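What follows is one structure encoded as structure tokens, with my remarks underneath.
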Amino acid sequence: MSNKIAHLDSLQFNVAGLLTGPKGGTRSYKLYIPVSELDQLDEGFDVVAPFEGTARFLWTNDHIMVRVTGHATVALQCSRCLEPFEQVVSIHIEEAFIPTVDMATGLPIQRDESDAAILIDEHHILDLSEIIRQSILLALPLTPVCSPDCKGLCPVCGANLNHETCSCTTETTDPRWSALSILLDDLDRDADQPQ
Ligand SMILES: [Zn+2]
Ligand SMILES: [Zn+2]
């Protein structure tokens, strides 16, 4: 059993040593995954700083329990003012990875198809890419805002109200309400039509 902490810059780990070791064996790593590696995740998000965190593996004699915590920095666009900004998202993952090869015999392990665990490949490589990609995706805000008090864009002239004021801002009617009132007028008119 080894508890020395290795610093790793890759999302792929060779876990042959852990798999051949005794039940209860653990490995702990400090993760520092460069942007170049994260860029290969084929994301749907844009990572702009290295992923920093820790990974801990526990071998149960059936699977490796993986716990990853850390944070990633992603570039987002504010849903109110449309300006780009960066946000740090926290990642907490616990996932079971199961071997596909019996280390003692070298033979493939038959697995139940319904087993939801993630596979360790035949070269004993445990790949964190997919669970990190998914957890970053899940951690992204649905409606990103550059700051909680972002004033957004003027709906009339499009001015960024964080940086400037415009003459339209004195208007008291929210344009969303005027859109609604037009709709209601239409409904009223429809209702008035003789059938
Ligand atoms: Zn904003
Ligand atoms: Zn305006």
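Residue 150 in our numbering sits at position 146 of the sequence shown, and the numbers go up by one each step. All residues carry an ideal CB built from backbone N, CA and C; glycine is no exception. On a predicted model such as this, the values are computed, not experimentally measured, just so you know.
Item	Value
Beta strand (DSSP E) containing residue 62: first to last residue?	50-63
I want to check one thing, is the minimum distance from the CB of residue 149 to the heavy atoms of ligand 1 below 8 Å?	yes
Using a Cβ-Cβ cutoff of less than 8 Å, which residues in the same chain neighbour residue 88 once the five nearest sequence positions on both sides are dropped?	79, 80, 81, 82
Which partner residues of residue 107 appear in the DSSP bridge assignment?	Bridge partners of residue 107: none, in fact.
Pull every residue with its beta-carbon under 5 Å away from any heavy atom of ligand 2, and keep them in chain order.	158, 160, 161, 163, 170, 172
Ignore the nearest five residues each way along the sequence and tell me which others in residue 53's own chain have a CB closer than 6 Å to its CB.	77
Contact check, residue 135 vs residue 115 under 8 Å by CB: the rounded distance?	About 18 Å; that fails the 8 Å criterion.
Grab the span of the alpha helix (DSSP H) containing residue 24 for me, first residue to last.	20-24
Just verifying my parser: in three-state terms, what is the DSSP assignment at residue 114?	coil
Just mark residue 124 as buried or exposed, buried being the case when its beta carbon has 16 or more other beta carbons within 10 Å.	buried
I want to check one thing, is the minimum distance from the CB of residue 168 to the heavy atoms of ligand 1 below 8 Å?	no
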